[in-house]
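J.: Residue 463 in the UniProt record's numbering sits at position 463 of the sequence shown, with consecutive numbering throughout. C-beta: ideal position from N, C-alpha, C; glycine also.
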Amino acid sequence: MSAMMQFEVLDEYLYEDLRRQVIHLHRVRNSSLISHMSARRNIFEHDMTKKFADIVKNIDSLEKMRLTYQVEIHGQTGQNSEWNRRRRSSSLPPTPVHGRQNEKEKIIQMLFRPVLNSNVEVLSILGEAYIGKTTVAQVVINDECVSSYFEPRPWVHVSSEFNVERITADIVESIEGRSFCSNNLDNLQRHLKKLLRERRFLLVLDDYRRSSFPDWELLQRPFLSGAAGSKIIVTTSSSAVATSLGTSDSCYQLNGLPQEDCWSLFRQYAGIEFEASNFGDFLNNRFKDEVIRKCKGLPFIAVSLGHRLRQEKDRSKWEAIVREENWDSNSIDCMRSHGIDYAQLDSHLNPCFAYCSIFPQNFQFEEEWLIQHWMAQDFIQCQPDTTDMMAIGNDYFRSFVEQSFFQRVHVGHTRERDRYTMSQKMQELAFHVSAGGCYILDKPGNPPNKARHLTVQLDKLANQNVLFDAISQCTSLHTLVVVGGSENYQLSIPKDILGKTLKRLRVLDVSNFGLSKLPKSIGDLIHLRCLQLRGTKIRKLPKSICYLYNLQTLGLRNCYHLEKLPTDIKCLRKLRHIDLHLDNPESGSSCHICSLKHMPDGIGTLIDLQTLSRFVISKSITRHSNIHELSELNNLRGELLISNLHLVKDAQEAEKAGLASKQFLQKIELKWRGHSKQADQIAVNLKPASTITELTISGYCGMTCPSWLDSVDCMRDLVTVRLHDFKSCSVLPSLGLLPRLKNLYLTSWDQLASINYDYGSFVSFLSLEKFHLEGMRSLQQWDWNDLCTFAPHLSELVVKNCPQLRELPGCIQNLRDLEDMEIVGCGQLARLPHMNGLTSLQRLQISDCNSICSLPSTGLPRSLQVLSINNCHQLSQSCKNLRSTVPSVWIDGNLIY
């Protein structure tokens, strides 16, 4: 019997123990059921006795072999304690870049030079593999001047598989932060063209490998709608690609790092302080010269070598290690270099890395998703100082990011979770070290018998029958991930294949398919830890899912059709994550309306839950869960949306939710959907913990805002506030003194007629960067003292659909950091504020403001790059013959000059 089978026997035993605990906890009294349980218990005990006897025989045999060959067994407690000492924070700071300042400045100069022949210019960054092209592009695109000049700045990884449809969809997703519903190329390109129209964008196409002019011609069609001065950065190792996409003066050749910068990068990753005297004589010029010689100007070698030496605590051995490393010219290929990286990984990270070979090429993944997979496979080791597996998993993940095993690729929409990918060579290495344990099925055929973790690319198979035929003999699978589908692909899982063939599964992921139901046999997967159904059309989960007593993660993100959770989900005592997040709830599309109407009674007993992203209050207080069930869920992390707050009976019931005690939550959304007589008192008792950073309140029907909302003591860490669809409030909360508030969105207040000086203070909103005032149908007056200090760091101002607003406050002219101003749907607005003081303004859009006759008499700021006027008849007429220094002027969708 193999070690893996022995673990499975132990898992079966523990599962049965959990099952009995659940039954005892719920005090089953049904005599027929008890009789059935008794018979099942007798069968189970008989089977376990035989299996444990086999294990004992196997251990005895191994012990005899150990004695015969005199093999010693060594513990690893020292390693674990050392790893504990080196644990990192779960937050990921910007990666330091060494020696690329000169390259950065030259590339930025190329970005800012005028385009003579077209609106869009392509700039190539050319260099050998792993020279640092992607890193330089990231430094450039995140530069303050670049980010203020170009908007949007989508980033897409291209690679060898050049697919116009996929790349276009990725660009759209990078801009909007969500996937576009259609996979049709024509629809995608029309939508992208709309997104880029009149906007000076900067697009990064990373790792562009294939030179094909027809493909490029097709891809770049939507780019032509962008404003003049738009740029595309292409990173490539192919001079043919660089030549075919641009002119010789639009290609930047990236060379290796200078010697001193290689040394500096090595020191950082080796953990050497800059005072060499602290470390004795070994840190001498000879050692330094040897390190520089080994690096050969390649950053990844400096990083790998630094990590290698950091693991060796005896620094007297460092020089010998560097000398012995074989970095000749023949070994500087990606497999060799990454192999050295892998060899220096802490041993607890090795299975985590091998598992990543289930990723297809260009596969993008989120940190939380991968950690949950690792947890399901028991790859994450408990540490003495914490039992929080997600926190330990965060540390694991950080290690891979910091050592460049994973690369962050999604740098678009700020509300989207970061995504990561692995390079092709890194994937090849992972597949190599997995020794056949992982397999990707991308053509008809059977996976190897020893494969334990399987990914199926369904879009590369003829149909789903090929999938199920292929895995019908795979009785030892621990992981099944199916990718390459769409919400319209009607995936159907045969009922027999789960309980018979796939009974050893620990991870089942069938996300983003048109899957509408699961077979009852899902309950037979007693080893299952992680079930991912994200983006499916699932409506109800079978009752048998509540037999999965080992289940840790239930992924139901973007399951808009989900109507309810199983009644007995409270039986799943190991459940830690129920992801019910919706990316676009009620966005106007019928497919994006939340169908979940209530929570199951007793969900509040799952006190170890860390993720419960949505909690729906129900009318029924007997059959369904109510808000008081949140009281004991104090381990919740991340985000929590509480909807249907109008159904809360009174303030006392709201207080039982205990939101103030949920210290680990970062985002809270409170949503009303109807009238509530005690809305004011209920809101007061829903005060969240002072540690939250993002707060959204929508549909609120109270007369006044809760006092805690503008309290500096209560809301000191707030970064983002969204107050939407307030029915009865006529006075805004005084948010101006919140010290960290950067983003404020006020939308659709029915009764708000005026905003005056009392809203803030003489000095207010000192950290604010984005301010949106939208859908204020009753707002007539916005009166702010011209001398007050209002949002000195504001970079984005949007005033939209305020049809009765007559005037904007004069203090707007003092916003020297303002880059983007949008005024839309303000029919009564007769004049614009003076703008000569807006020295950073880049883009000004004025739409549907028919009372505005002219631009400010003091003129427009010299910094302005794009002026867009739409459906403003009088203003359009006065600007048609405008002589201005603005590079790009659009009137009613037409480029004037």
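Could you have a look at residue 879 and say whether DSSP puts it in helix, strand or coil?
T.: In this structure, residue 879 counts as helix in the three-state DSSP scheme.
J.: For residue 640 versus residue 609, is the C-beta spacing smaller than 7 Å?
T.: No; because the gap between Cβ atoms is not below 7 Å, this pair is not in contact.
J.: Measure from the alpha carbon of residue 755 to the alpha carbon of each residue in 792, 805, 741, 766, then state which is nearest.
T.: Nearest of 792, 805, 741, 766 to residue 755, Cα basis: 805.
J.: At the level of alpha carbons, what is the spacing between residue 420 and residue 556?
T.: Going by the C-alpha atoms only, they are around 21 Å apart.
J.: Starting from the Cα of residue 687, find the closest Cα among 675, 713, 554, 699 and give me that residue.
T.: Closest option to residue 687, Cα to Cα, is 713.
J.: Along the beta strand (DSSP E) that carries residue 749, what are the first and last residues, could you check?
T.: Where residue 749 is concerned, the enclosing beta strand (DSSP E) stretches over 743–749.
J.: Check each candidate in 237, 851, 541, 465 and name the one with the smallest Cα separation from residue 565.
T.: For residue 565, the nearest C-alpha among the options comes from 541.
J.: Using only the alpha-carbon positions, how far apart do residue 174 and residue 606 sit?
T.: Using only the alpha carbons, I get a separation of about 36 Å.
J.: Could you give the DSSP three-state label for residue 89: helix, strand or coil?
T.: At residue 89 the pLDDT is 29, less than 50, meaning the model places this residue with poor confidence; the figure from the coordinates comes in the next sentence. Residue 89 falls in the coil class under three-state DSSP.
J.: Could you give the DSSP three-state label for residue 890: helix, strand or coil?
T.: Strand at residue 890.
J.: What residues are listed by DSSP as bridge partners for residue 236?
T.: DSSP, once it has assigned bridges, lists 126 as partnering residue 236.
J.: Helix, strand or coil for residue 643? Go by DSSP, reduced to three states.
T.: Strand, per DSSP.
J.: Work out the CA separation of residue 544 and residue 32 for me, nearest whole Å.
T.: Low per-residue confidence applies at residue 32: pLDDT is 38, beneath 50, and the placement is therefore not dependable, though the value from the model is reported in the following sentence. One C-alpha to the other measures close to 19 Å.
J.: Classify residue 696 as helix, strand or coil using the three-state DSSP reduction.
T.: If DSSP states are grouped into helix, strand and coil, residue 696 belongs with the strands.
J.: Could you name the residues of the same chain whose beta carbon sits closer than 6 Å to that of residue 708, not counting the 5 residues immediately before and after it, in chain order?
T.: 687, 714.
J.: Here's the rule I'm using: 16 or more other beta-carbon atoms within 10 Å means buried, otherwise exposed. How should residue 224 be labelled?
T.: Residue 224 comes out exposed.
J.: Can residue 866 and residue 451 be called in contact, C-beta distance under 7 Å?
T.: No, the Cβ-Cβ distance between residue 866 and residue 451 is not below 7 Å.
J.: Check for me: the beta strand (DSSP E) holding residue 207 runs from which residue to which?
T.: That run of the beta strand (DSSP E) goes 202–208.
J.: Sorted by chain position, which residues of the same chain lie with C-beta nearer than 6 Å to residue 367's C-beta, five sequence neighbours on each side aside?
T.: Only 397 meet the Cβ criterion.
J.: Can you have a look at residue 598 and say buried or exposed, based on whether 16 or more other CB atoms are within 10 angstroms of its CB?
T.: Residue 598 comes out buried.
J.: What number of angstroms, rounded off, separates the C-alpha of residue 99 from the C-alpha of residue 143?
T.: Looking at the two C-alpha atoms, the distance is approximately 16 Å.
J.: Assuming residue 268 contacts residue 361 under a Cβ cut-off of 8 Å, what Cβ separation, rounded to an integer in Å, is found between them?
T.: The Cβ separation is near 31 Å, so there is no contact.
J.: Can you check which of these residues, 747, 751, 742, 779, is closest to residue 764 by C-alpha distance?
T.: Nearest option by C-alpha distance: 742.
J.: Give the secondary structure of residue 595 by DSSP, where H, G and I count as helix, E and B as strand, and everything else as coil.
T.: The answer is coil: DSSP assigns residue 595 none of H, G, I, E or B.
J.: According to DSSP, simplified to helix, strand and coil, what is residue 688?
T.: Residue 688 falls in the coil class under three-state DSSP.
J.: Cα-Cα, which of 253, 249, 232 is closest to residue 238?
T.: Ranking 253, 249, 232 by Cα distance to residue 238 puts 253 first.
J.: Which same chain residues, not among the five before or five after residue 482, have their C-beta less than 6 Å away from its C-beta?
T.: These residues qualify, in order along the chain: 456, 458, 510.
J.: Buried or exposed: where does residue 874 fall if 16 or more other Cβ atoms within 10 Å of its Cβ makes it buried?
T.: Answer is exposed; the Cβ neighbour count stays below 16.
J.: Going along the chain, which residues of its own chain have a beta-carbon closer than 6 Å to the beta-carbon of residue 681, five neighbours each way excluded?
T.: The residues are 651.
J.: In three-state terms, what does DSSP make of residue 704?
T.: Coil at residue 704, not helix or strand.
J.: Return yes when at least one heavy atom of the ligand FMN lies under 6 Å from the C-beta of residue 687, else no.
T.: The ligand content of the structure shown is nil, which means the ligand FMN is not present either.
J.: With distances taken Cα to Cα, identify the nearest neighbour of residue 167 among 185, 176, 152.
T.: Among 185, 176, 152, the Cα nearest to that of residue 167 belongs to 185.
J.: If you draw a straight line from the alpha carbon of residue 497 to that of residue 468, how long is it in whole angstroms?
T.: Computed Cα separation, rounded: 8 Å.
J.: Taking its Cβ as the centre, do 16 or more other Cβ atoms sit within 10 Å of residue 611, making it buried, or is it exposed?
T.: Result: buried.
J.: Is the distance from the Cβ of residue 602 to the Cβ of residue 570 below 7 Å?
T.: Contact flag set, yes.
J.: What's the C-alpha gap between residue 814 and residue 711?
T.: Computed Cα separation, rounded: 27 Å.
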